[in-house]
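Numbering-wise, the sequence shown is residues 14 to 85 according to our numbering.
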Amino acid sequence: MKDLTVVSLTDSNVTPRSAIVGFVFFPLKQSDTSLKGTKLQLILQHPSNLAESISEIALEGELPKPAYLLGR
């Protein structure tokens, strides 16, 4: 978990014309085979007036099958 925390996207202040980079981790059920219908929601908040801007990104794609299901 420590390794994941180091590369995870965290709450940060983003100034104009700058960027932050990180990974977003979330739990999946063992029965999940696809990300179809899953949305990642980003909520940006202005630091002085706390106004929020919300963006959603649709996630798609099949999830890789675990090795034990591939006969390895």
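No residue lacks a Cβ here, since even glycine has one placed at the ideal position from N, Cα and C.
query: Nearest to Glu75 (by Cα), restricted to the options Lys49, Glu65, Leu57; result: Lys49
query: Inter-residue CB distance, Leu41 and Ile33 (contact presumed, cutoff 8 Å); result: Contact doesn't hold; Cβ gap of about 24 Å is too wide.
query: DSSP-derived helix/strand/coil call for Thr28; result: coil
query: CB of Glu65 within 7 Å of CB of Gln58, strictly; result: yes
query: Which residues DSSP lists as bridging Gln43, in chain order; result: DSSP, once it has assigned bridges, lists no residue as partnering Gln43.
query: Continuous beta strand (DSSP E) stretch holding Lys102: start and end; result: This structure does not reach residue 102, given that the chain is present from 14 up to 85, and the question cannot be answered.
query: Rounded straight-line distance, which links the Cα of Glu69 to that of Pro29; result: 20 Å
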